[in-house]
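Going by my numbering, the residue at position 150 of the sequence shown is 1426; the numbering climbs one at a time, nothing skipped.
All C-beta atoms in this analysis are idealised placements derived from N, C-alpha and C, irrespective of residue type, glycine included.
Source: prediction; values computed, not measured.
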Amino acid sequence: MKKFDLLVAGEINPDLILTGPNLEPQFGQTEILVEDAALTAGSSSVIFACGAARLGLRVAFIGVIGDDLFGAFMLDVLKSRGVDVSNVIVDENQITGLSVILNRINDRAILTHLGAIGALYSKQITDELLAEARHVHVASYFLQTNLQPGLTDLFKRAQASGLTTSLDTNWDPEEKWVGVDELLKHTTVFLPNEAEALSLTGAPGVEEAAGNLATQAAIVAVKMGVDGGLAVDGESLYRAPIIPVDVLDTVGAGDTFDAGFIYGFLHGWPLEKSLKLAIACGSLSTLKPGGVEGQPTLDNARKYL
Ligand SMILES: Nc1ncnc2c1ncn2[C@@H]1O[C@H](COP(=O)(O)OP(=O)(O)O)[C@@H](O)[C@H]1O
Ligand SMILES: [Mg+2]
């Protein structure tokens, strides 16, 4: 049996989440008071890894941090979730990245200092490490600039040694949406949100966008915020609604959705059941502040299937 179900290769940084109704910064040295502030585990890759570990998957993480407080904080969070961090690279020439999130209940603005976020290279993910896992997941494609050029080859290497692959590009800050065509052909499960699926394809509607993407990736699951999500595998298309909850914040909801979907996928569940678990995980994650605190256990999420 392989040592890990999942290898996550990606960015590691905390989120500083500021919450309140009055979050518009004003220059001229104006000081605005916010209701709440919390430093929590951020980054799509780490939130995904923590969500998958909470569901019971055996997860290993590889990424780059600086030799600093934010990096140490992130290692602690990963370890506390049982994620294997023995492959995390501490680079004293880097500064761990940071996102400042200005959080209103149903929307947020994000300021990110990239730091080491884009520092990981695909060559640092060795065949030996790949061989320890059943599946490899990559998130924040557009932020991981060092990883981008070698990622298609990494996914090819992974698939050649029997691993399945998944990708959540997240938003492209440059809004160019290019470079993933070849990569998607080697992606087993592609996990965009609705806006990303539309931007990547130029399709007029989400079902068409998902259908287009499913001519490249084998399975496509699209997150649709309050509208839940949909999943296609080239043959069938399923939609499922959210679980109505009292949303505190939606930070990390998409990554927690991804974790639920990949849990189902790795257990050979039918598409529709994986989608429902994904949506349960995404919805429940909104009940607590930040990306990781509200992530459900499998038992908890199953109650909503
Ligand atoms: N307002 C909400 N109420 C309940 N669940 C939500 C809400 N917003 C998001 N979710 C859950 O989180 C999942 C991912 O949300 P979404 O915001 O679309 O992803 P992303 O963070 O990638 O943009 C949704 O599929 C849903 O399960
Ligand atoms: Mg997302």
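For Asp1281, the first and last residue of its enclosing beta strand (DSSP E)
Looking at the DSSP string, the run of the beta strand (DSSP E) that includes Asp1281 is Phe1280 to Ala1285.
Own chain partners of Tyr1397 with C-beta closer than 8 Å, once the 5 adjacent residues on each side are dropped:
When the five nearest sequence neighbours on each side are left out, the beta carbons in the same chain lying within less than 8 Å of the beta carbon of Tyr1397 are those of Asn1422, Leu1423 and Gly1426, in order along the chain.
Give me the Cα-Cα distance between Val1353 and Asn1446, rounded to the nearest whole angstrom.
Whole-angstrom Cα-Cα distance: 22 Å.
State yes or no: is the C-beta of Ala1507 within less than 7 Å of the C-beta of Leu1553?
With a cutoff of 7 Å on beta-carbon distance, Ala1507 and Leu1553 are scored as not near each other.
Quick check on Glu1472: buried or exposed, where buried means 16 or more other Cβ atoms within 10 Å of its Cβ?
Taking all protein chains shown into account, Glu1472 has 16 or more neighbouring C-beta atoms within 10 Å of its C-beta and is therefore buried.
Hey, quick one: how far does the beta strand (DSSP E) through Gly1347 stretch, first residue to last?
No beta strand (DSSP E) holds Gly1347; the alpha helix (DSSP H) holding it covers Leu1345 to Ser1356.
Quick one: residues in its chain with C-beta nearer than 6 Å to the C-beta of Ile1365, no 5 flanking neighbours on either side, listed in chain order?
Cβ neighbours of Ile1365 beyond the five flanking positions: Val1340.
By DSSP, does Lys1552 sit in helix, in strand, or in coil?
DSSP places Lys1552 in helix when its eight states are reduced to three.
For Ala1434 versus Thr1428, is the C-beta distance shorter than 7 Å?
Not a contact, by the Cβ cut-off of 7 Å.
If I follow the unbroken beta strand (DSSP E) through Thr1316, where does it start and stop?
Its beta strand (DSSP E) spans residues Asp1312 to Ala1317.
Under a Cβ-count criterion, where at least 16 other Cβ atoms within 10 Å of its own Cβ denotes burial, should Lys1499 be classed as buried or exposed?
With 16 or more other Cβ atoms from the protein chains shown falling within 10 Å of its own Cβ, Lys1499 counts as buried.
Quick check for students: name the residue ranges of the alpha helix (DSSP H) that lie wholly in the region 1392-1429, counting only runs of 4 or more.
Assignment of alpha helix (DSSP H) within the region 1392-1429, counting only whole runs of 4 or more residues, yields 1403-1407 in chain order.
C-beta contact flag for Phe1324 and Pro1290 at 7 Å:
No. Outside cutoff.
Count the other C-beta atoms from every protein chain shown that fall within 10 angstroms of the C-beta of His1389, then say buried if there are 16 or more, exposed otherwise.
Classification of His1389: exposed, given that the 10 Å Cβ count is below 16.
For Arg1357 and Leu1524, the rounded distance between their alpha carbons:
Answer to the nearest angstrom: the Cα atoms are 22 Å apart.
Classify Ala1493 as helix, strand or coil using the three-state DSSP reduction.
The three-state secondary structure of Ala1493, taken from DSSP, is coil.
Go through the residues and name those whose CB comes closer than 6 Å to any heavy atom of ligand 1, in chain order.
These are the residues, in chain order, with a beta carbon less than 6 Å from any non-hydrogen atom of ligand 1: Asn1469, Lys1499, Met1500, Gly1501, Val1502, Gly1504, Gly1505, Ile1518, Val1521, Val1523, Thr1526, Ala1529, Gly1530, Phe1533, Ile1555, Gly1558, Ser1559 and Thr1562.
Which of helix, strand or coil DSSP assigns to Tyr1514
Strand.
Candidates Leu1489, Ser1437 and Leu1513: which alpha carbon is nearest Val1456's?
With respect to the C-alpha of Val1456, the residue from Leu1489, Ser1437 and Leu1513 having the closest C-alpha is Leu1489.
Would DSSP call Ile1538 helix, strand or coil?
Reduced to three states, the DSSP call for Ile1538 is helix.
If contacts are defined as beta-carbon pairs under 8 Å, then His1411 and Leu1542 qualify, I think. What distance do you get, rounded to the angstrom?
Yes, they are in contact, since the Cβ atoms of His1411 and Leu1542 sit about 6 Å apart, within 8 Å.
Given the structure, does Asn1379 come close to ligand 2, in the sense that its CB is under 6 Å from one of the ligand's heavy atoms?
In this structure, Asn1379 has its CB at a distance of at least 6 Å from all heavy atoms of ligand 2.
Any heavy atom of ligand 2 closer than 6 Å to the beta-carbon of Asn1289?
No.
So, for Arg1384: in the same chain, excluding its five sequence neighbours on each side, which residues have a beta-carbon less than 8 Å away from its beta-carbon?
Counting only residues of its own chain and dropping the five nearest sequence neighbours on each side, Arg1384 has a CB closer than 8 Å to the CB of Ile1377, Leu1378, Asp1525, Thr1526 and Val1527.
Among residues of its own chain, excluding the 5 on either side of Ser1550, which ones have a beta-carbon nearer than 6 Å to its beta-carbon?
Result list for Ser1550: Phe1537, Gly1540 and Phe1541, in chain order.
Quick check on Phe1337: does DSSP put it in helix, strand or coil?
Of the three classes helix, strand and coil, the one that applies to Phe1337 here is strand, per DSSP.
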